[in-house]
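J.: Here's a structure for you.
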Ligand code: F0G
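Numbering (this note's numbering), first residue to last: 2 to 483.
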């Protein structure tokens with residue numbers, strides 16, 4: 002926890018929980034890892050989990066649940082309509098965000114689909130601090146346009162700015178005036194801005210943006226999927242909020258934005274999705290879409306057991322001991338990598354540790370997906386599964402041109418309460434080895450490129466035999482092959 006100090010002065014991410022259920026891990030040898038990577042089309046999304054030692058692909062749906070969450074699952078009230086589990090979820094959501102209306106959905110992107118259907122007309126622009134892959138895909142699928150109005154520091158990979166996820170409010174004002182309010186579908190703030198390295202948004206910025214939207218009569222939307230880490234950073238980094246209760250912060254957020262939504266695979270450590278609002282008109286506009294796309298209004302595609310786990314998980318988000326866990330582990334891993342001169346996103350954010358693949362592999366052009374290549378190499382050298390967050394994760398233009406990402410990142414997500422400090426040290430050790438051998442790493446090209454969200458299912462091949470050479474060097478340095 003953040004306020005327990007070691008007498009030695011060492012900065013250790015202390016776990017404020019104990020582990021009573023474990024899952025066995027295996028680490029394949031280097032040759033088997035190469036085979037598994039080839040079979041996965043050099044895309045870490047396509048690896049089989051049995052071939053993975055440390056799964057740092059995502060924290061989505063893979064966070065460790067608490068004993069209380071598991072216990073709550075037993076009291077699920079299985080009913081197609083009017084389930085008590087839904088009533089309990091409504092109560093939990095109201096306790097946290099203070100909002101009146103709740104719509105359930107099967108996960109975060111399903112909320113985005115509903116939002117886009119309800120509020121985005123072809124040609125309209127949605128303004129946001131930064132896009133997320135699924136958010137943008139749903140908006141553009143319906144003919145909408147996404148524009149980012151992030152702060153000046155957002156794309157500065159190595160920075161000292163505490164809230165890189167903030168929206169530039171002057172730019173927001175100017176943009177709305179330039180576009181005209183009818184051409185703006187909504188303004189969206191994403192907590193813990195995912196694609197720029199899990200970087201938080203300040204409460205002050207949220208207030209200002211919500212106020213501008215109110216004045217200009219534009220819908221304000223808050224994506225709370227990564228709110229847990231963001232809350233921690235508001236408490237730790239935002240001077241004016243140091244003495245605020247976590248629940249006061251969440252209630253304020255619920256009251257200032259017109260609509261809040263989240264992936265419950267992230268917030269609340271369960272599975273599912275929720276859309277919240279105090280506005281009855283917005284609620285009614287979205288309500289009809291839930292039975293159409295998701296399921297009846299009191300389950301919306303969620304299993305009722307997961308709904309019970311979510312109600313408890315949301316309440317646990319109001320505990321500093323819980324929400325500090327991911328950020329302090331991200332910081333610990335980031336520090337270990339910095340010690341080895343490995344280029345990373347700073348300041349350390351939430352969600353996971355983000356490596357700057359562009360700087361790690363300056364010899365690989367963006368057209369050969371340096372972050373994708375680094376994700377492959379990290380698996381090859383340690384059985385560690387990370388996620389490409391660079392050009393592979395972008396969409397081509399309608400003309401088929403590549404959209405080069407602003408940043409070529411590789412994300413090593415740290416699912417909540419799953420891994421220990423020794424795991425982090427192993428990751429740093431293997432990536433340290435890789436950094437010393439980085440010149441051996443080559444590029445990738447698509448052999449099978451899906452049209453929509455290609456990073457999920459696309460298959461790639463190496464541009465040379467660099468993977469074999471990397472494995473040969475690994476075997477030379479670590480003859481056990483493990
Ligand atoms: N918004 C944000 C900020 C997210 O990080 C995600 C998912 C979603 C929306 C969509 O939610 O997956 O439940 O449909 N992020 C996952 C990740 C995929 O790995 O970062 P979902």
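Cβ atoms here follow ideal geometry from the backbone N, Cα and C, with glycine treated the same way.
Assuming the contact rule is C-beta atoms closer than 8 Å, residue 117 and residue 143 should be a hit. Round their C-beta distance to whole Å, please.
T.: Here residue 117 corresponds to residue number 116 of the chain shown, with the count starting at 1. Here residue 143 corresponds to residue number 142 of the chain shown, with the count starting at 1. At roughly 5 Å, the Cβ-Cβ gap stays under 8 Å, so residue 117 and residue 143 are in contact.
J.: Using 8 Å as the cut-off, can you tell me whether the region 55-70 makes contact with the region 406-420, which would need three or more C-beta pairs spanning the two stretches below that distance?
T.: yes
J.: If contact is defined by three or more beta carbon pairs under 8 Å, each pair taking one atom from either stretch, is the region 339-358 in contact with the region 284-301?
T.: no
J.: Evaluate residue 216 with the Cβ neighbour count: other Cβ atoms within 10 Å of its Cβ, from every protein chain shown; 16 or more gives buried, anything less gives exposed.
T.: Along the chain shown, read from residue 1 onward, the residue named residue 216 stands at position 215. That one is exposed.
J.: Do the CB positions of residue 32 and residue 384 come within less than 9 Å of each other?
T.: Indexing the chain shown from 1 puts residue 32 at position 31. Indexing the chain shown from 1 puts residue 384 at position 383. Their beta carbons are not under 9 Å apart, which means residue 32 does not touch residue 384 by this criterion.
J.: Would you please state the rounded distance, in angstroms, between the beta carbons of residue 131 and residue 213? I believe it to be under 8 Å.
T.: On the chain shown, position 130 is the one that residue 131 refers to. On the chain shown, position 212 is the one that residue 213 refers to. With 8 Å as the limit, residue 131 and residue 213 do not qualify as a contact, their Cβ atoms being about 18 Å apart.
J.: Can you give me the C-alpha to C-alpha distance between residue 394 and residue 91, rounded to a whole angstrom?
T.: Against the chain shown, residue 394 aligns to sequence position 393. Against the chain shown, residue 91 aligns to sequence position 90. Cα to Cα, the separation comes out at about 35 Å.
J.: Thinking C-beta only, is residue 277 closer than 9 Å to residue 226?
T.: Taking the first residue of the chain shown as position 1, residue 226 is located at position 225. Taking the first residue of the chain shown as position 1, residue 277 is located at position 276. Their beta carbons are not under 9 Å apart, which means residue 226 does not touch residue 277 by this criterion.
J.: For residue 108, which of helix, strand or coil comes out of DSSP?
T.: Locating residue 108 in the chain shown gives position 107, counting from the first residue. Residue 108 falls in the coil class under three-state DSSP.
J.: Is any heavy atom of ligand 1 found at a distance shorter than 8 Å from the C-beta of residue 435?
T.: Numbered from its first residue, the chain shown carries residue 435 at position 434. False, no ligand heavy atom lies under 8 Å from that Cβ.
J.: Rank 311, 442 and 388 by C-alpha distance to the C-alpha of residue 362 and give the top, closest one.
T.: Position 361 of the chain shown, counted from the start, is the residue given in the question as residue 362. It is 442 whose Cα lies nearest to the Cα of residue 362.
J.: Can the beta-carbon of residue 381 be found closer than 9 Å to that of residue 57?
T.: Here the question's residue 381 lines up with position 380 in the chain shown. Here the question's residue 57 lines up with position 56 in the chain shown. At a Cβ-Cβ threshold of 9 Å, residue 381 and residue 57 do not count as neighbours.
J.: Going along the chain, which residues of its own chain have a beta-carbon closer than 7 Å to the beta-carbon of residue 81, five neighbours each way excluded?
T.: In the chain shown, residue 81 corresponds to position 80, counting from 1. A distance below 7 Å between beta-carbons, with the five flanking residues on each side excluded, links residue 81 to the following residues of its chain, in chain order: 297.
J.: Tell me whether residue 267 counts as near ligand 1, meaning its Cβ is closer than 8 Å to at least one heavy atom of that ligand.
T.: Stepping through the chain shown from its first residue, residue 267 is reached at position 266. Under cutoff, so the answer is yes.
J.: What does the Cβ neighbour count give for residue 376, buried or exposed, with the cut at 16 atoms within 10 Å?
T.: By one-based count along the chain shown, residue 376 stands at place 375. So residue 376 ends up on the buried side.
J.: For residue 306, I'd like the list of residues in its chain whose CB is within less than 6 Å of its CB, leaving aside the five on either flank, ordered along the chain.
T.: For the purposes of this step, residue 306 is taken as the residue at position 305 of the chain shown. Listed in chain order, the non-local C-beta contacts of residue 306 below 6 Å within the same chain comprise 74 and 77, local neighbours out to five positions each way being set aside.
J.: Enumerate in chain order the residues of its own chain whose CB-to-CB distance from residue 324 is below 8 Å, with the five nearest sequence positions on each side excluded.
T.: On the chain shown, position 323 is the one that residue 324 refers to. Hits under 8 Å: 229, 230, 232, 233, 247 and 318.
J.: Under three-state DSSP, which class holds residue 353?
T.: As a working note, residue 353 is residue 352 in the chain shown. The answer is strand: DSSP assigns residue 353 an E or B state.
J.: Can you tell me which of 243, 162, 186 and 397 puts its alpha carbon nearest to the alpha carbon of residue 220?
T.: Working through the chain shown from its first residue, we reach residue 220 at position 219. Out of 243, 162, 186 and 397, 186 has the C-alpha closest to the C-alpha of residue 220.
J.: Tell me which same chain residues have a C-beta within less than 7 Å of the C-beta of residue 26, skipping the five on either side of it?
T.: Here residue 26 refers to the residue found at position 25 when the chain shown is read from its first residue. So the qualifying residues of the chain are 54.
J.: Is the beta carbon of residue 426 less than 9 Å from the beta carbon of residue 295?
T.: Translated into positions along the chain shown, residue 426 becomes position 425. Translated into positions along the chain shown, residue 295 becomes position 294. No; because the gap between Cβ atoms is not below 9 Å, this pair is not in contact.
J.: Closer than 8 Å to a non-hydrogen atom of ligand 1 - does that hold for the CB of residue 108?
T.: Numbered from 1 along the chain shown, position 107 holds the residue referred to as residue 108. Residue 108 Cβ: within cutoff of ligand 1.
J.: Does the distance between the C-beta of residue 195 and the nearest non-hydrogen atom of ligand 1 fall short of 8 Å?
T.: Within the chain shown, residue 195 is the residue found at index 194, counting from 1. Yes, ligand 1 has a heavy atom inside 8 Å of this Cβ.
J.: Tell me, please, which residues DSSP counts as bridged to residue 388.
T.: Your numbering for residue 388 matches position 387 in the chain shown. Paired residues: 412.
J.: Cβ-heavy atom distance between residue 191 and ligand 1 below 8 Å?
T.: Here residue 191 refers to the residue found at position 190 when the chain shown is read from its first residue. Of the heavy atoms belonging to ligand 1, at least one sits nearer than 8 Å to the Cβ of residue 191.
J.: May I ask you to check if the CB of residue 113 is nearer than 8 Å to at least one heavy atom of ligand 1?
T.: As a working note, residue 113 is residue 112 in the chain shown. Yes - ligand 1 has a heavy atom lying nearer than 8 Å to the Cβ of residue 113.
J.: Closer than 8 Å: is that where the CB of residue 414 sits relative to any heavy atom of ligand 1?
T.: Residue numbering aside, residue 414 sits at position 413 when the chain shown is read from its first letter. Result yes, Cβ under 8 Å from ligand 1.
J.: Give the C-beta separation of residue 391 and residue 378 to the nearest angstrom, bearing in mind that I take them to be a contact with Cβ-Cβ under 8 Å.
T.: As a first step, residue 391 must be located in the chain shown, where it is residue number 390. As a first step, residue 378 must be located in the chain shown, where it is residue number 377. Not confirmed; about 14 Å, so no contact.
J.: Just to confirm, are residue 492 and residue 134 a CB contact at a threshold of 9 Å?
T.: Here the chain comprises residues numbered 2 to 483, so residue 492 is not present and cannot be evaluated.
J.: Could you check whether the Cβ of residue 58 sits closer than 8 Å to any heavy atom belonging to ligand 1?
T.: Sequence index remark: in the chain shown, residue 58 carries index 57 (1-based). Yes.
J.: Taking its Cβ as the centre, do 16 or more other Cβ atoms sit within 10 Å of residue 108, making it buried, or is it exposed?
T.: Within the chain shown, numbered from 1, the residue matching residue 108 stands at position 107. By the Cβ-count criterion, residue 108 is buried, with 16 or more other Cβ atoms from all chains shown falling within 10 Å of its own Cβ.
J.: From what residue to what residue does the beta strand (DSSP E) around residue 77 run?
T.: The residue you call residue 77 lines up with position 76 of the chain shown. Counting along the chain, residue 77 falls outside any beta strand (DSSP E), and DSSP gives it neither H nor E.
J.: Between residue 291 and residue 106, how many whole angstroms is the CB-CB distance? I'm expecting something under 8 Å.
T.: In the chain shown, residue 291 corresponds to position 290, counting from 1. In the chain shown, residue 106 corresponds to position 105, counting from 1. Right, the Cβ-Cβ distance comes to about 7 Å (below 8 Å), so this counts as a contact.
J.: Taking Cβ positions, are residue 93 and residue 315 nearer each other than 9 Å?
T.: Within the chain shown, numbered from 1, the residue matching residue 93 stands at position 92. Within the chain shown, numbered from 1, the residue matching residue 315 stands at position 314. In contact: residue 93 and residue 315 (Cβ atoms closer than 9 Å).
J.: To which residues does DSSP link residue 276 through a beta bridge?
T.: By one-based count along the chain shown, residue 276 stands at place 275. DSSP lists 104 and 262 as the bridge partner or partners of residue 276.
J.: Can you check whether the CB of residue 344 is closer than 9 Å to the CB of residue 158?
T.: The residue you call residue 158 lines up with position 157 of the chain shown. The residue you call residue 344 lines up with position 343 of the chain shown. Yes, Cβ-Cβ distance for residue 158 and residue 344 is below 9 Å.
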